[in-house]
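Numbering (the working numbering), first residue to last: 256 to 358. We put the beta carbon where it would ideally sit given N, CA and C, even for glycine. Take a look at the structure below.
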Amino acid sequence: MTPQDFKIITSRIKPDIEFGFLPLSIRAEIETLIDKGSKKPQADMVDRNQAAAIIGGDKPVSRVTLHNYELQGKLKPFKIAGARLIRYKRSDVEALLEGGAGK
């Protein structure tokens, strides 16, 4: 199914229907298809595990550390498909790394 096919199918769904009743894996796939069909590129986004590996190198930092960076304003989380799927801009993660955050 292409992103264009997905848009055609989802355009027939009433806008007031939410995807909350779907399992998380299916919601994530829907969001991925929507993102692929949008003009906004998602290639510059990384998930928590990728961000932890980039910052920590051989020893990835913990999710607690990532959350602390969020609270300190060093990382801005982007929530996808609800609160469970968090992404960060790759450029923000790399800027944090260059600033010595993982040291």
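Item	Value
Nearest-angstrom beta carbon gap, Arg342 and Val301 [assumed within contact, 8 Å]	7 Å
Where Arg342 falls: helix, strand or coil (DSSP)	strand
Contact set for Lys294: own chain, Cβ-Cβ below 8 Å, skip 5 residues either direction	The pLDDT assigned to Lys294 is 49, lower than 50, so where the model puts this residue is not dependable; a value taken from the coordinates is nonetheless given after this. Counting only Cβ-Cβ distances below 8 Å, and skipping sequence neighbours, we find nothing.
Host alpha helix (DSSP H) of Val319 (start-end)	Arg318 to Leu326
Contacting residues, own chain, Cβ-Cβ under 6 Å from Pro296 (five flanking each side not counted)	Here the model assigns Pro296 a pLDDT of 49, short of 50, so the residue's position is not dependable, and the following value carries that caveat. The answer is none, since no qualifying residue turns up.
Rounded C-alpha distance that separates Asn323 from Lys329	9 Å
Cβ-based burial, Leu351 [other Cβ within 10 Å; buried from 16]	buried
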